[in-house]
Amino acid sequence: MNAAELRIIHMALDSLEANPLFQGMWKYVLDEGEDMEISLYARDRTLRFKTETRQELRTRHIPYLLELAQKKQPLMVIGGKIYPDVKEALRQQHIPYLEANGNISIQQDELFIWVDSNKAVNLHKGRTNRAFTKAGLRVLFHFLMSERFITLPYREIATLTATSLGNVTNVMNALREAGYLYDTPMGELKLRNKKQLLDKWVAGYEQLLKPAIEIGTFRFINQQDHETWRRVPLENKKSLWGAEAGAHLLTGQLRPHNLVIYTTESRNDLINHYRLMRDPDGYITVYQKFWNYDGFRSNITPPVLLYADLLHTGDAATLSVAQRIYDEQMKETIEGYRSAFDKG
């Protein structure tokens, strides 16, 4: 099976999982060269199919498909686009089919599934960069924190990352197409080349997402609060120290003058809670907090974000601390197999 056909299969399965009817669906693709089999766990049963995959399935393909269904049982026909008369012919013969957009028909024993309302997808449109849009960078951030996020249903990923279900599907397809995402023989999703993916995320975050989430610059009303900023009681899980400030709290190194806060609090709450005032030349830069998982220290941003913020300072001492954070907090997750979730 060629790469284009394999991409259609994965695109179709990812689109299917985005449907609430298939939330929590488990899927496994077995590639044995010319033959491809898929397993779906849905509605409390496991469905196994041999597959025939084409970019387009038109009227002229119907006789071939009907004959093939007698030889390869049970057969599921998978197409980038399946024309209506082909779908009708397959349904009449109770032959399952699945389109790249998630439209599906399965009539098997007492199981009847029929979805035909999804809009067509453009198979030729480049998708690789979808992982590095602003929405994609939000999703990738969670995957870099822990691969466990990849195993969640798409709807949960969308909620966790504050992005749409469609964006999650686009990111998964893009990662798969770029070779970063793959299925293990046990049916688990895993990332490969994570260090390269991290480097791309760091660059994309600095250039695209970070400017979009900046709230503004501030300073303390009382100058003494700047000198004792470590004692400022940030609201638990709502506001966190980032960049040099977060790195200092984590490692004991650096003595930051400029401070960075990531928050879900409003400007007025920030001003009232922490005695701040707006200042275009202020030494406190505040950004919108763009993640919902808070399994790390409650007053510091996750290591991936600390690392990204520190890398763009250009200061040798700060870069050294960034490397220390990578080595001590991230390396095992990025280059090994344990997740940050599993570190106590």
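If you're matching positions, the sequence shown starts at 303 in my numbering and goes up one per residue.
The beta carbon of each residue, even a glycine, is placed where N, CA and C say it ideally should be.
Quick caveat: nothing in here was measured; it's all calculated off a predicted structure.
Going by DSSP in three states, residue i sits in which element: helix, strand or coil?
i           : result
residue 556 : coil
residue 430 : Low local confidence applies: a pLDDT of 48 at residue 430 is under 50, so the model's placement there is unreliable, with the coordinate-based value given in what follows. Three-state DSSP puts residue 430 in a helix.
residue 581 : coil
residue 454 : coil
residue 494 : coil
residue 482 : coil
residue 628 : helix
residue 650 : Since the first and last residues shown for the chain are 303 and 646, residue 650 lies out of range.
residue 412 : coil
residue 400 : strand
residue 469 : helix
residue 548 : helix
residue 477 : helix
residue 441 : helix
residue 574 : helix
residue 637 : helix
residue 609 : helix
residue 595 : coil
residue 489 : coil
residue 375 : coil
residue 617 : coil
residue 317 : helix
residue 623 : helix
residue 525 : helix
residue 461 : helix
residue 508 : helix
residue 644 : Because the pLDDT of residue 644 is 41, which lies under 50, any placement of that residue in the model is unreliable, and the number read from its coordinates should be weighed accordingly. In the structure shown, residue 644 sits in a helix (DSSP, three-state: H, G or I).
Within the same chain, show all residues whose beta-carbon is closer than 7 Å to that of residue i, passing over the 5 residues directly before and after it, in chain order.
i           : result
residue 405 : 417, 418 and 420
residue 522 : 528, 577 and 578
residue 484 : 492 and 494
residue 430 : Low local confidence applies: a pLDDT of 48 at residue 430 is under 50, so the model's placement there is unreliable, with the coordinate-based value given in what follows. Within the same chain, residue 430 has close Cβ partners 476, 479 and 480.
residue 580 : 518 and 520
residue 611 : 544, 545 and 562
Considering only DSSP beta bridges, list what residue i is partnered with.
i           : result
residue 356 : 381
residue 417 : 406
residue 587 : 519 and 562
residue 543 : 563 and 602
residue 351 : 340
Leaving out five residues on either side along the sequence, give the residues of the same chain with a beta carbon under 8 Å from the beta carbon of residue i.
i           : result
residue 414 : 408
residue 646 : Caution applies to residue 646, whose pLDDT of 37 falls short of 50 and renders its modelled position unreliable; the value that the coordinates give is listed next. Correct list: empty, nothing qualifies.
residue 567 : 537, 540, 541 and 575
residue 655 : It is not possible to answer for residue 655, since the shown part of the chain is limited to 303 through 646.
Taking 6 Å as the limit between beta carbons, can you name the residues of its chain near residue i, skipping five residues before and five after?
i           : result
residue 508 : 614
residue 376 : 351
residue 316 : 471, 474 and 475
residue 603 : 542, 544, 548 and 564
residue 312 : 478
residue 371 : 377 and 397
residue 385 : 360
Short check: CB of residue i to CB of residue j, under 8 Å?
i           : j           : result
residue 563 : residue 543 : yes
residue 632 : residue 595 : no
residue 379 : residue 339 : no
residue 535 : residue 547 : no
residue 469 : residue 437 : yes
residue 551 : residue 532 : yes
residue 561 : residue 585 : yes
residue 410 : residue 349 : yes
residue 606 : residue 447 : yes
- Message: Would you call the region 468 to 480 in contact with the region 614 to 630, where contact means no fewer than 3 C-beta pairs closer than 8 Å?
- Response: no
- Cβ contact (3+ pairs, closer than 8 Å) linking the region 308 to 317 and the region 460 to 469: no
- Item | contact_flag[the region 436 to 450, the region 488 to 501] where n(CB pairs < 8 Å) is 3 or more | yes
- Message: Check whether the region 444 to 458 and the region 505 to 519 touch, using three or more Cβ-Cβ pairs below 8 Å as the test.
- Response: no
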